[in-house]
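Step one of this worksheet: look at the structure below.
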Amino acid sequence: MKEIHKAITTLCIKVDSMENEIQKLKSKASQQHDYKNAELRRSKDGKNPELKGDDGKLLKTHNICLNIVAGTSKRVSEKQKNSNLNQLFEKPFTPRLTPKNILTIEPQTSTYADSLHHDKRTYNHITRTYIQNPNIFKL
């Protein structure tokens, strides 16, 4: 009996010490984000690394071959301009008159109670067919 009592007391002491350690760790974690414990760094370290090229300084992420695509040339990628603008204005602009799809809302011919009654009849029909033919709905 004394051995069990000793084991229980040692366990209680260990649990108390673990609780104290957990509280210390929690307090350290909360202090980690305070301004007084913030790490200081040089402003140079935060800048993007740069490369010197023919056109000056370029960021490393800059893609200088962006406009170069295999199989294309500058002449093909440019849009052709219409030199004769008079052809654009030969016919006056008339908007097309197309009938718009207008939503038609049907008038309410039944009451809420009628719709509930209809749903109940549908449900009863389904359950009746399931009871009569139980093998229909099995996969």
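To convert, take the position in the sequence shown, counting from 1, and add 137; that gives our numbering. All C-beta atoms in this analysis are idealised placements derived from N, C-alpha and C, irrespective of residue type, glycine included.
Length of the line joining the Cα atoms of residue i and residue j
{"i": "K139", "j": "D153", "result": "21 angstroms"}
{"i": "I268", "j": "R258", "result": "15 angstroms"}
{"i": "N270", "j": "D256", "result": "21 angstroms"}
{"i": "D251", "j": "Q245", "result": "11 angstroms"}
{"i": "S164", "j": "H142", "result": "33 angstroms"}
{"i": "T147", "j": "Q160", "result": "20 angstroms"}
{"i": "A144", "j": "K151", "result": "11 angstroms"}
{"i": "T248", "j": "I263", "result": "23 angstroms"}
{"i": "T241", "j": "Y260", "result": "29 angstroms"}
Chain C within 8 angstroms of residue i, Cβ atoms only
{"i": "R258", "result": "Absent from the structure: chain C. Only one protein chain is present."}
Residue i, buried or exposed, once every other Cβ within 10 Å from all chains shown has been counted against 16
{"i": "H199", "result": "Low confidence applies to H199: its pLDDT is 48, below 50, so where it sits in the model is not reliable, and the reading given next is rough at best. When all chains shown are included, H199 counts as exposed."}
{"i": "C149", "result": "exposed"}
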